[in-house]
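In my numbering, the protein residues as written are 503 to 821. Positions of the beta carbon are idealized from the N, C-alpha and C atoms, including for glycine.
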C-alpha cells in the first residue's frame, strides 16, 4: 500500500467519523421543563391584569387538575409572541368551556420592568389567559428545570401532570402543539392552516374597522374614497389565498356598482397601476389578474361616460 493510498483512506475514515458525530449532535433533543408523565409543580407568579393585577397567585393550584397550557417566555422575540398570540386568540380562548386553563409566564432578571412591559401588551392576549411575571428571575421556578437557552417553553398537562412538552428555539405553530392541546380536552385538533386563515381574516377585519373609524384621515381627504381604500387592501394582501382575493373583489364590485364616484376612483387607481409597469408589486397573481380586468372594464366605461379619453387632468394615484 502506498503512502498516498494510506493517507486517502485515513482521511475518508476521519470524515465518516466526523459525520457520525455531527449527525448525533443534530439529533440530540432539546429539553426544557418537566417531561410527559412528570408532575406540574406549584409555583407563584405576580398577576399582570384584572383581579390578580400585581397580586401573587399559583397557576397550578388555581387550575385544580383541569387541562392546562402553560407558556414560559425566555426570550422576547416576534415569533414567540406571534405563536402565543395566535394560539390563544384563535384556538384556546374558545376552549375555556371545556375546562382548559391557559397561563403565560414572563421570565426576567428585572421583574418590575417586565411587569410594565407585560401590562402594555396584555391587550393582545385574550382575557381568559392568566398572565404573570415570575418571582424567580430569568431562570424561572427552580422546580421546573427550565432551559434558558430556548426561546419559549410550552407545557400541556392534565390532572396535575405533563402530557406534552415543547422546548422551542424558533417558535412556530405546529400540528404537534395543536394535537397535544386537543388531546387533553378530548377533541380533534384543527389544522394549522385553519388557525392561520382565521388570523388573517380577523386582522383584515380589524384593519377595515380601523379605516372606517377615521375616514377623514384616509384617502378621502386627498381625492380618494376611504371605504374603497379599505376594501382594496383586502384584495392586494400578499398573503391572501385565491378564495380570499375573489371574496375581496366581489366586495369592491358591490361597493362601486352603487356609486359612480367610487367607480371613477377605482378606474383611476387600477388604470394607473396597470400602466405604471409595477403591477407585480400589488398582491398575488390572482389579485393582479383582477386589477387588469378592472382597468379594462371600469377604465373603458369611465372614458365612455366622460367623453374623449385623456380629457381629465386629475392627478393619478396608486392604491
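Residues 664 of the same chain have their beta carbon placed closer than 6 Å to that of residue 536, with the five preceding and five following residues left out of the count. The beta-carbon distance between residue 779 and residue 742, rounded to whole angstroms, is 23 Å. This is too long to meet the 8 Å contact definition.
Within the model, the alpha-carbon separation for residue 600 versus residue 572 is close to 16 Å. Residue pairing from DSSP places residue 669 in a beta bridge opposite 655. Beta-bridge partners assigned by DSSP to residue 558: 548. Counting C-beta pairs closer than 8 Å gives fewer than three between the stretch 642-650 and the stretch 550-562, which falls short of the contact rule. Inclusion of residue 657 and residue 589 in the CB contact set at 8 Å is not warranted, their separation being larger than that value. By the 16-neighbour rule on beta-carbons within 10 angstroms, residue 744 is exposed.
Burial is judged here by how many other beta carbons sit within 10 angstroms of a residue's own beta carbon; residue 752 has fewer than 16 and is exposed.
Annotated as distal: residue 747 and residue 782, with beta-carbon spacing of 8 Å or more. For residue 603, the uninterrupted beta strand (DSSP E) segment begins and ends at 603-608. A straight line joining the alpha-carbon of residue 728 with that of residue 795 spans about 22 Å. Shown here, residue 662 sits in coil according to DSSP, grouped into three states, outside any helix or strand. Contact fails between the stretch 608-623 and the stretch 701-709, because fewer than three Cβ pairs, one in each stretch, are under 8 Å apart. Excluding residues up to 5 positions away in sequence, 709 lie with their Cβ nearer than 7 Å to the Cβ of residue 735 in the same chain. Residue 801 has its alpha-carbon roughly 57 Å from the corresponding atom of residue 686. Contact annotation: residue 772 and residue 797 have beta-carbon atoms nearer than 8 Å. Taking the C-beta atoms as reference points, residue 678 is found no nearer than 8 Å to residue 548. In its chain, beyond the 5 residues on either side, 649, 669 have a beta carbon closer than 7 Å to the beta carbon of residue 533. In this structure, DSSP gives residue 648 a state outside helix and strand, which the three-state scheme calls coil.
Annotation for residue 573: the continuous beta strand (DSSP E) segment containing it runs 570-575.
C-alpha of residue 626 to C-alpha of residue 731: approximately 26 Å in a straight line.
Per DSSP, the continuous beta strand (DSSP E) segment holding residue 635 begins and ends at 632-636. The Cβ-Cβ distance between residue 575 and residue 607 falls below 8 Å.
One thing to note: residue 541 has its Cβ within 8 Å of the Cβ of residue 662.
In summary, residue 610 is buried, with 16 or more beta-carbon neighbours lying within 10 Å of its beta-carbon over all protein chains present.
DSSP places residue 541 in the strand class (E or B) of the three-state scheme.
8 Å or more divides the Cβ of residue 628 from the Cβ of residue 651. Non-local C-beta neighbours of residue 605 in its own chain, meaning closer than 6 Å and more than five positions away in sequence, comprise 561, 572, 632, ordered along the chain. For residue 784, there is no enclosing alpha helix (DSSP H), as DSSP marks it with neither H nor E.
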